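Undergrad: Handing you a structure now.
Number of protein chains: 2
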Amino acid sequence: MASDTPEYVLDRQVGFVLRRATQRHLTIFAAQIPDLTPTQFAALAKLCAAGPESQNALGRQTAMDAATIKGVVDRLRAKGLVTAGRDPDDQRRITLTPSSKGRALYEARVSQAHAITRDTLAPLTEAERDTFLALLAKIT
Amino acid sequence: MASDTPEYVLDRQVGFVLRRATQRHLTIFAAQIPDLTPTQFAALAKLCAAGPESQNALGRQTAMDAATIKGVVDRLRAKGLVTAGRDPDDQRRITLTPSSKGRALYEARVSQAHAITRDTLAPLTEAERDTFLALLAKIT
DNA sequence: AGCTTATTGTTCGTATACAAACATAGTCCC
DNA sequence: GGGACTATGTTTGTATACGAACAATAAGCT
Chain A
0 MASDTPEYVL DRQVGFVLRR ATQRHLTIFA AQIPDLTPTQ FAALAKLCAA
50 GPESQNALGR QTAMDAATIK GVVDRLRAKG LVTAGRDPDD QRRITLTPSS
100 KGRALYEARV SQAHAITRDT LAPLTEAERD TFLALLAKIT
Chain B
0 MASDTPEYVL DRQVGFVLRR ATQRHLTIFA AQIPDLTPTQ FAALAKLCAA
50 GPESQNALGR QTAMDAATIK GVVDRLRAKG LVTAGRDPDD QRRITLTPSS
100 KGRALYEARV SQAHAITRDT LAPLTEAERD TFLALLAKIT
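Line order of the protein sequences matches chains A and B. Using numbering that gives the first Met the number 0, you'd call the opening residue of the first sequence number 0 and step up by one each time. Using numbering that gives the first Met the number 0, you'd call the opening residue of the second sequence number 0 and step up by one each time.
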């Protein structure tokens, strides 16, 4: 071989394994919460927990850029889960608030959301779960 | 509170942390290999390592469904990195082969691909990397 | 006030991802 | 041989993701 370049085995590359783990997680999510996507649920959850926020601020808290959060919020609004109003102090800002329907849906789905994390980590032992989450957070 | 439902903290849900880790990885990937996406590189790498394959078979090996691998292959073909031909033994199949340009590009990028995995795992110690990859593979 | 810069939200283009429906081509089995 | 089933690839629709460019607004500075 040209030099000491190690063999490239796809299944041992972080990116590939990350992608497959995400795929499995998405399957579990869709089975437990069919009426919302992970990002939609994340945005709704943040709004319910942290109170009204501007669109971009919500995006920052849920790790979505301005273009992505817009689409997510548009769909939440179309479903009547979130209402939007202009901020009187800043004409650019859109203040987002969960509707009563949005709050109700969130409350009704929280236990499933916890089950999703539990099921995703099911192949691991209790100790492994803590280790895994800690290491995963480190490479964030 | 209504019952013993634990608080839902987004940053402690696997899905959310997985997504953020993937985001960081994609940034590292794009910086090291700007001319190919992770899925495009994965498909090209498999073809170079495992030899010619049908489109759907390649999709299975790279964890992409039929619709997704089609788009990836279309773009690889458009870039002249992969050539396609009908399988004489099965008129449905498209046999994919890396072009010389495709092989050359793959060879030229393998070291960066290894660097991507290394950089993504950089926040971890040597021992932690092995642990992490093993646990990540378990929840796949 | 006037100028510069930063922030907010929008739009466009590209690229995964996957469900579902479809046409074509093989395979199996009676 | 013929019918049922399966596999291959395509297309459509929906939903992230993000870069880049843009208009409108706000904030800071001189």
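Glycine residues also receive a C-beta, built at the ideal position from the N, C-alpha and C atoms. Just so we're clear, the structure is a prediction, and the values are computed from it rather than from any experiment.
1) Run the CB neighbour count on A:Val8, radius 10 Å, all protein chains shown included, and call it buried at 16 or more, exposed below.
2) Which of the three DSSP states, helix, strand or coil, is assigned to A:Ser110?
3) Can you find a C-beta in chain B that's less than 9 Å from the C-beta of A:Lys100?
4) With a threshold of 7 Å on Cβ separation, who are the neighbours of B:Gln71 within its own chain once the five nearest residues in sequence on each side are excluded?
5) Considering B:Ile32, what are the terminal residues of the alpha helix (DSSP H) in which it resides?
6) How many angstroms separate the CA atom of B:Leu80 from the CA atom of B:His113?
7) Contact between the stretch 48-55 of chain B and the stretch 92-111 of chain B is defined here as three or more beta-carbon pairs at a separation below 8 Å; is this criterion met?
8) List, in chain order, every chain A residue whose beta-carbon is nearer than 9 Å to that of B:Val72.
9) Would you tell me roughly how many angstroms separate the C-alpha atoms of A:Val13 and B:Leu132, rounded to the nearest one?
10) Buried or exposed: where does B:Thr124 fall if 16 or more other Cβ atoms within 10 Å of its Cβ makes it buried?
11) Tell me, please, which residues DSSP counts as bridged to B:Leu95.
12) Among all the DSSP beta bridges, which residues are the ones paired with A:Asp89?
13) Mind checking if A:Pro122 is an interface residue toward chain B, Cβ cutoff 9 Å exclusive?
14) How would you label B:Thr140, buried or exposed, when you count the other beta carbons within 10 angstroms and need 16 or more for buried?
15) If the cut-off is 7 Å on Cβ atoms, which residues from the stretch 82-114 of chain B count as contacting chain A, listed in chain order?
16) Could you compute how far the alpha carbon of B:Asp88 sits from the alpha carbon of B:Asn55?
17) Rank B:Leu57, B:Thr21, B:Gly58, B:Leu134 by C-alpha distance to the C-alpha of A:Ala126 and give the top, closest one.
18) Please report the straight-line C-alpha distance between A:Ile115 and B:Asp10, rounded to a whole angstrom.
19) Do the CB positions of B:Pro122 and A:Lys78 come within less than 9 Å of each other?
20) Might you give, ordered along the chain, the residues of its own chain that have their beta carbon closer than 8 Å to the beta carbon of B:Ile32, omitting 5 neighbours on each side?
21) Against chain A, with Cβ distances strictly below 9 Å, would B:Ala136 count as a contact?
22) Looking at the unbroken alpha helix (DSSP H) that takes in A:Val8, where does it start and where does it end?
23) Should A:Gly84 be labelled buried (16 or more other beta-carbon atoms within 10 Å of its own) or exposed?
24) What first and last residue would you give for the alpha helix (DSSP H) that runs through A:Lys78?
25) Could you give the distance in angstroms between the alpha-carbon of B:Ala65 and the alpha-carbon of A:Gln22?
26) If contact means a Cβ-Cβ distance below 7 Å, which residues of the stretch 22-35 of chain B contact chain A?
27) I'd like the span of the alpha helix (DSSP H) that includes A:Asp129, first residue to last.
TA: Reading it off the structure:
1) When all chains shown are included, A:Val8 counts as exposed.
2) The answer is helix: DSSP assigns A:Ser110 an H, G or I state.
3) By this cut-off, A:Lys100 is not an interface position.
4) Looking at the sequence itself, residue 71 of chain B is Val, so the reference to Gln does not match. Contacts found: Thr38, Gln39, Ala42, Met63.
5) Careful: B:Ile32 lies outside any alpha helix (DSSP H) and carries neither H nor E.
6) The alpha-carbon atoms of B:Leu80 and B:His113 are separated by roughly 21 Å.
7) Output reads yes: the stretch 92-111 of chain B touches the stretch 48-55 of chain B.
8) What B:Val72 touches in chain A: nothing, since even the nearest Cβ is about 16 Å away.
9) Rounded to the nearest angstrom, the two C-alpha atoms are 7 Å apart.
10) Counting C-beta atoms within 10 angstroms of its own C-beta, B:Thr124 has fewer than 16 neighbours from the protein chains shown and is therefore classed as exposed.
11) In the DSSP output, where bridge partners are listed per residue, B:Leu95 has B:Glu52, B:Ala83.
12) A:Asp86, per the DSSP bridge assignment.
13) Judged by the 9 Å Cβ criterion, A:Pro122 is in contact with chain B.
14) There is no way to answer for residue 140 of chain B, as the model of chain B reaches only from 0 to 139.
15) Result list: Val109, Ser110, Ala112, His113.
16) Between B:Asp88 and B:Asn55, the alpha-carbon positions lie close to 16 Å from each other.
17) Considering only alpha carbons, the answer is B:Leu134.
18) Approximately 14 Å, taken between the alpha carbons.
19) For B:Pro122 and A:Lys78, no; Cβs fall outside 9 Å.
20) Annotation for B:Ile32: Phe40, Arg108, Gln111, Ala112, Ile115 place their beta carbon closer than 8 Å to its own, counting only its chain and skipping 5 residues before and after.
21) For B:Ala136, the answer is yes, since a Cβ of chain A falls inside 9 Å of its Cβ.
22) Counting along the chain, A:Val8 falls outside any alpha helix (DSSP H), and DSSP gives it neither H nor E.
23) Classification of A:Gly84: exposed, given that the 10 Å Cβ count is below 16.
24) DSSP places A:Lys78 in no alpha helix (DSSP H); its state is neither H nor E.
25) Answer to the nearest angstrom: the Cα atoms are 15 Å apart.
26) Within the stretch 22-35 of chain B, the residues whose Cβ lies closer than 7 Å to some Cβ of chain A are Gln22, Arg23, His24, Phe28, listed in chain order.
27) Note, A:Asp129: alpha helix (DSSP H), 125-137.
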